[in-house]
Amino acid sequence: MSSPVIALFMGPPGSGKGTLSERCMKELGWYQLSTGNLLRKHISEQTDLGKQIDFIIKSGKLVSDELINAMVKQWLLDLRQKNPQGIILDGYPRTRAQAKALSELLRDVFGDIPLRAVRLCIDDQVAVDRMTSRLVCQNKECQAVYSLMTNSSMRPKDPTKCDKCGSPIGKRKDDEVAVIKDRIDTYNKHEKHLLDFYDEIGLPVIECNAQQSVGNLFSEFKTLMNIH
Ligand code: AMP
């Protein structure tokens with residue numbers, strides 16, 4: 018693929034959006050904005066915003082559309098100077114209002130850059146199992162993701178330290194069973210509205226099987242996106 022593209026990664030928590038993004042960044046040189054990672058960075062740095070949203074994130078609810086839209090807009094404006102080949106928005110848009118704001122912003126800022134919605138499909142229970150065995154690097158500049166599942170290719174070499182930066186790894190505060198269920202319910206509630214919106218604007222949704230290995234998922238993704 019030679020022209021740049023914006024890929025909107027959608028899928029329930031635990032579907033592997035961040036892991037697929039990692040592969041795209043490493044092997045295709047793409048840029049990723051994970052709204053979740055950005056929000057967690059604010060919390061760990063105790064910014065004014067971080068203090069406001071700490072409780073919302075811990076309880077698995079969504080942060081306001083206005084706040085998220087403004088964040089994404091700034092990030093996209095800053096990225097324009099880098100001439101990206103590919104841009105991933107991971108976990109954004111999550112609501113119909115966000116999708117509408119994004120499509121208007123892209124029209125105004127990026128002209129006719131191709132847009133793809135990529136949906137990672139996974140059974141709820143598989144996503145729950147993944148999240149209960151997930152560990153994340155506590156260094157907010159890194160936030161590498163690991164799994165304690167037996168046979169996972171994402172197991173850390175040392176279950177206490179990040180393979181990449183050596184910082185401690187641990188559970189995300191919202192990866193507790195009760196919160197996980199609420200996060201999946203919230204995702205499912207909004208997904209239908211998002212899919213309806215994409216249908217209305219004529220944006221096809223590319224569906225990938227997120228229950229396969231990361232390598233196979235990445236291959237399927239490249240094939241469906243026509244990337245060689
Ligand atoms: P994630 O890392 O994508 O699972 O996001 C973690 C949490 O950050 C979510 O449960 C929400 O509280 C918040 N969040 C992330 N992205 C968004 C978004 N697009 N809209 C609203 N809240 C978000």
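Residue 245 is where the sequence shown ends in our numbering, and the numbering goes up by one at each step. Think of the CB as a built atom: it goes at the ideal place given N, C-alpha and C, for glycine as much as any other residue.
Residue burial classification, residue i (beta-carbon count within 10 angstroms, cutoff 16)
i: Ser-19; result: Residue placement at Ser-19 cannot be trusted, given a pLDDT of 47 that sits under 50; what the coordinates show is reported in the next sentence. Exposed.
i: Ile-23; result: buried
i: Cys-138; result: exposed
i: Phe-72; result: exposed
i: Val-126; result: exposed
i: Gly-219; result: exposed
Backbone CA spacing between residue i and residue j [nearest angstrom]
i: Lys-58; j: Gly-33; result: 20 Å
i: Leu-122; j: Lys-90; result: 7 Å
i: Ile-74; j: Glu-158; result: 18 Å
i: Lys-181; j: Arg-124; result: 38 Å
i: His-210; j: Gly-183; result: 41 Å
i: Asp-140; j: Asp-202; result: 13 Å
i: Arg-111; j: Met-27; result: 8 Å
i: Gly-53; j: Asn-205; result: 17 Å
i: Pro-146; j: Glu-237; result: The amino acid occupying residue 146 in the given sequence is Asp; Pro does not appear at that position. If I take the Cα positions, the gap works out to 23 Å.
i: Trp-47; j: Glu-193; result: 31 Å
i: Gly-108; j: Ser-51; result: 6 Å
i: Ile-130; j: His-207; result: 25 Å
i: Asp-65; j: Ser-81; result: 15 Å
i: Gly-31; j: Ile-105; result: 17 Å
i: Ala-144; j: Lys-99; result: 34 Å
i: Gln-69; j: Ser-61; result: 12 Å
i: Ser-170; j: Arg-40; result: 13 Å
i: Leu-56; j: His-245; result: 33 Å
i: Ile-85; j: Leu-94; result: 14 Å
i: Gln-228; j: Trp-92; result: 30 Å
i: Leu-37; j: Thr-177; result: 23 Å
i: Met-242; j: Lys-117; result: 23 Å
i: Phe-214; j: Arg-113; result: 7 Å
i: Leu-119; j: Gln-49; result: 15 Å
Residues bridged to residue i (per DSSP)
i: Cys-225; result: Leu-137
i: Tyr-48; result: Ile-104
i: Phe-26; result: Asp-107, Val-135
Under 8 Å between C-beta atoms of residue i and residue j
i: Cys-179; j: Ala-195; result: no
i: Leu-96; j: Leu-25; result: no
i: Leu-234; j: Val-222; result: no
i: Pro-21; j: Gln-115; result: no
i: Gly-77; j: Asp-199; result: yes
i: Arg-136; j: Arg-189; result: no
i: Ile-186; j: Val-231; result: no
Any chain D beta carbon closer than 8 Å to residue i
i: Asp-71; result: No chain D is part of this structure, which consists of one protein chain only.
TODO: Just list the alpha helix (DSSP H) runs in the stretch 124-205, keeping only unbroken ones of 4 residues or longer that don't cross its boundaries, in chain order.
DONE: 141-149
- [ ] Write down every uninterrupted run of the beta strand (DSSP E) in the stretch 31-104 whose length is 3 residues or greater and which is fully enclosed by it, in chain order.
- [x] 48-51
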